[in-house]
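Read the structure below first, then the notes.
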Amino acid sequence: MSADLDAMSAVELRGRIARREVSPVEAVRRALEKAQATQASLHAFVFLMPEKALAAAKEAEAAVMRGDPLGPLHGVPISIKDLIAVGGERFAFGSRCMADNIAAADAPPVERVKTAGAIIIGKTTTSEFGCKAVGDSPLTGVTRNPWNLQKTPGGSSAGAAASVAAGITPFALGTDGGGSVRIPGCLTGLAAIKGQFGRIPVWPVSATTTLAHVGPMARTVEDAALLSMACAGRDDRDPYSVAGPVPDLLAACRQDVKGLRIAYSSTLGYARPDAEVLRVVDTAAKLFESFGCTVDLVDKVFDSDPVDIWAAEFYAGAGTRLRPFLEAKRELIDPAVADILDKALRQELRDYMDKVFARYALRDKLRPLFERYDILLSPVLPVTSLDTGKNVPDHLSDRDLVSWVYYTYPFNVTGQPAGTVCAGIAADGMPVGLQIVGRAMGEFDVVRAMAAYERSQPKAYNVRSFAA
Numbered sequence: 001m002s003a004d005l006d007a008m009s010a011v012e013l014r015g016r017i018a019r020r021e022v023s024p025v026e027a028v029r030r031a032l033e034k035a036q037a038t039q040a041s042l043h044a045f046v047f048l049m050p051e052k053a054l055a056a057a058k059e060a061e062a063a064v065m066r067g068d069p070l071g072p073l074h075g076v077p078i079s080i081k082d083l084i085a086v087g088g089e090r091f092a093f094g095s096r097c098m099a100d101n102i103a104a105a106d107a108p109p110v111e112r113v114k115t116a117g118a119i120i121i122g123k124t125t126t127s128e129f130g131c132k133a134v135g136d137s138p139l140t141g142v143t144r145n146p147w148n149l150q151k152t153p154g155g156s157s158a159g160a161a162a163s164v165a166a167g168i169t170p171f172a173l174g175t176d177g178g179g180s181v182r183i184p185g186c187l188t189g190l191a192a193i194k195g196q197f198g199r200i201p202v203w204p205v206s207a208t209t210t211l212a213h214v215g216p217m218a219r220t221v222e223d224a225a226l227l228s229m230a231c232a233g234r235d236d237r238d239p240y241s242v243a244g245p246v247p248d249l250l251a252a253c254r255q256d257v258k259g260l261r262i263a264y265s266s267t268l269g270y271a272r273p274d275a276e277v278l279r280v281v282d283t284a285a286k287l288f289e290s291f292g293c294t295v296d297l298v299d300k301v302f303d304s305d306p307v308d309i310w311a312a313e314f315y316a317g318a319g320t321r322l323r324p325f326l327e328a329k330r331e332l333i334d335p336a337v338a339d340i341l342d343k344a345l346r347q348e349l350r351d352y353m354d355k356v357f358a359r360y361a362l363r364d365k366l367r368p369l370f371e372r373y374d375i376l377l378s379p380v381l382p383v384t385s386l387d388t389g390k391n392v393p394d395h396l397s398d399r400d401l402v403s404w405v406y407y408t409y410p411f412n413v414t415g416q417p418a419g420t421v422c423a424g425i426a427a428d429g430m431p432v433g434l435q436i437v438g439r440a441m442g443e444f445d446v447v448r449a450m451a452a453y454e455r456s457q458p459k460a461y462n463v464r465s466f467a468a
């Protein structure tokens with residue numbers, strides 16, 4: 001049964017727990033054992049919570065045996081990224097500067113997964129304050145990709161991706177301020193959803209207030225949809241959080257995509273993708289025609305690369321929060337992160353505000369595209385993989401810690417929902433991600449397109465069990 005649990009979806013596991021076919025204690029114990037067994041090779045976790053997790057699992061089992069009403073995630077193991085607060089536990093942001101920080105209370109999505117019955121087994125690794133698109137930090141070292149241990153799983157939700165792709169937990173919560181669930185989702189063959197900005201509330205207040213999202217990562221689109229719905233909804237602690245009904249993303253997983261109007265852009269107008277990425281993603285985009293969709297090639301989505309607009313907001317926010325450490329404890333910070341934060345803090349107020357207004361103009365220019373089309377397809381990344389120890393691919397050395405990813409950060413600037421699903425396997429044996437972007441509030445179409453594509457692919461694309 002242990003090996004079966006490694007590849008079991010959250011939806012199936014929750015059903016089997018409810019039918020008393022699998023014990024929550026058995027599921028959680030296996031997740032903890034595998035997390036520990038793979039820690040030396042993958043290094044997915046900052047720390048595990050075995051006592052609390054097993055105690056919660058025993059309570060979950062007792063609830064099943066009593067016949068109590070069960071939540072939608074009842075008894076299912078989950079991990080939480082170390083940029084999300086779990087009350088009473090270390091909350092270090094991947095930084096030695098914050099190594100002893102303790103979260104005062106649960107973040108809203110953590111409260112909600114607990115209420116839904118999920119069982120937290122530990123906190124997963126992140127690049128320092130989420131400032132890099134790869135999976136290492138001075139605090140936790142290098143997190144590795146289950147598909148190839150010489151490769152990064154991507155970042156900044158590195159440990160979340162590694163733990164799910166390795167079969168430790170069926171899903172995980174990560175964050176996305178510039179692509180941080182979509183990037184590692186792409187590099188580890190997972191489904192990941194960045195919902196509409198504010199769909200899942202963010203609190204405590206993020207350093208990147210108007211860019212930050214919390215999002216699910218899972219081995220199946222259905223599991224990602226389930227976790228997203230469990231976490232979504234208005235919370236007064238986040239003034240940006242979206243009020244109103246939460247889209248039924250589980251229903252979206254079963255919805256036909258026939259008739260969807262799709263734009264496909266291989267570069268968004270400025271990216272420099274590798275030929276192998278284009279081969280896989282071109283094939284994926286064309287497949288939507290066989291689903292009954294119309295697919296139009298759109299060469300130029302943006303007039304120019306919006307990276308400066310994104311970076312002005314992201315790194316200025318992170319740099320302002322970290323200024324005391326940059327001034328007094330610089331030696332504790334990742335040198336690459338410190339350097340880029342210095343640059344952001346040197347920008348003049350007028351230049352910063354020019355970029356704020358450029359952001360609003362960018363949204364206005366993009367809106368007509370989504371009046372003509374329901375979704376936009378693109379690659380997630382310009383490469384199929386990146387070696388550990390590198391911050392940027394060698395042939396993209398003119399780009400910086402995040403700008404090399406090209407495709408993901410524009411949709412943090414606009415706030416639109418976007419997801420990734422495995423498009424296929426490249427010649428080097430690594431997964432390639434397909435990004436699916438929806439119009440504002442359009443998660444339903446994003447998820448139904450993700451699920452339709454996933455159904456067309458071999459199951460091996462969606463589950464990568466890493467031997468303990």
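Position 463 (the sequence shown) corresponds to 463 in the working numbering; numbering is contiguous.
Cβ atoms here follow ideal geometry from the backbone N, Cα and C, with glycine treated the same way.
Per DSSP, the continuous alpha helix (DSSP H) segment holding glutamine 36 begins and ends at 24-42. In the structure shown, the three-state DSSP call for tyrosine 264 is strand.
The three-state secondary structure of threonine 188, taken from DSSP, is coil. Arginine 359 places its beta carbon less than 8 Å from that of valine 413. Non-local beta-carbon contacts of valine 242 in its own chain, meaning distances under 7 Å to residues more than five positions away in sequence, involve Gln196, Gly198, Arg199, Arg234 in chain order.
With fewer than 16 other Cβ atoms inside 10 Å of its own Cβ, alanine 275 counts as exposed. A residue is called buried when at least 16 other Cβ atoms come within 10 angstroms of its Cβ; serine 397 does not meet this threshold and is exposed. Asp303 is the residue among Asp303, Val246, Asp256 whose C-alpha sits nearest the C-alpha of tyrosine 270. Shown here, lysine 365 sits in a helix according to DSSP, grouped into three states. Boundaries of the beta strand (DSSP E) harbouring methionine 217: 213-218, taken from the DSSP string.
Counting only the Cα atoms, methionine 65 lies some 49 Å from glycine 389. Short of 6 Å from the beta carbon of methionine 98, and not among the five residues preceding or following it, lie these beta carbons of its own chain, in chain order: Ala92. Around the beta carbon of glutamine 435, a 10 Å sphere encloses 16 or more other beta carbons of the protein chains shown; the residue is thus reported as buried. Rounded to the nearest whole angstrom, the CA to CA distance from aspartate 248 to glutamate 51 is 35 Å.
The three-state secondary structure of valine 421, taken from DSSP, is strand.
Alanine 230 sits in a helix when the DSSP states are folded into three classes. Of the residues assessed, valine 205 falls on the exposed side of the cut-off, its CB having fewer than 16 other CB atoms within 10 angstroms. Methionine 49 and proline 216 have their C-alpha atoms some 20 Å from each other.
In the three-state DSSP reduction, arginine 14 falls in the helix class (H, G or I). Setting aside the 5 residues that flank it on each side, arginine 272 is surrounded in the same chain by Pro382, Leu396, Tyr406, each with a C-beta closer than 8 Å to its C-beta; the list follows chain order. Exclusion of the five residues before and after glutamine 255 leaves Arg448 as the residues of its chain whose Cβ lies within less than 6 Å of its Cβ. When the alpha-carbon of valine 113 is set against those of Leu70, Leu149, Pro146, Ser127, the nearest one is in Leu70. Taking C-beta separations shorter than 6 Å and ignoring five residues to either side along the sequence, the partners of tyrosine 264 in its chain run Ala285, Val295, Leu297, Leu377, following chain order.
Excluding residues up to 5 positions away in sequence, Cys97 lie with their Cβ nearer than 7 Å to the Cβ of lysine 329 in the same chain. Bridge partners of lysine 81 according to DSSP: Thr124.
Threonine 210 has its alpha-carbon roughly 19 Å from the corresponding atom of arginine 367.
Cβ contact annotation for leucine 287 (same chain, cutoff 8 Å, sequence separation greater than five): Tyr453, Ser456, in chain order. Annotation: alanine 104 is outside any beta strand (DSSP E) and is labelled neither H nor E by DSSP.
Remark: C-beta atoms of proline 184 and valine 277 do not approach each other more closely than 8 Å. Close CB contacts of aspartate 176 within its chain, under the 6 Å cut and outside five residues either way in sequence, are with Lys194, His213, Gly215 (chain order). Its chain contains Ser403, Tyr409 as the residues whose beta carbon lies nearer than 7 Å to that of valine 307, once the 5 sequence neighbours on both sides are disregarded; these appear in chain order. Counting along the chain, phenylalanine 91 sits inside no alpha helix (DSSP H), nor does DSSP assign it H or E at all. With respect to the 8 Å criterion, glycine 117 and alanine 55 are not classified as neighbours on the basis of their beta carbons.
Counting C-beta atoms within 10 angstroms of its own C-beta, alanine 104 has fewer than 16 neighbours from the protein chains shown and is therefore classed as exposed. By a beta-carbon distance limit of 8 Å, threonine 143 does not contact alanine 318. Their separation comes to about 20 Å. Of the candidates Val432, Ala338, Phe325, the residue whose Cα lies closest to the Cα of tyrosine 315 is Ala338.
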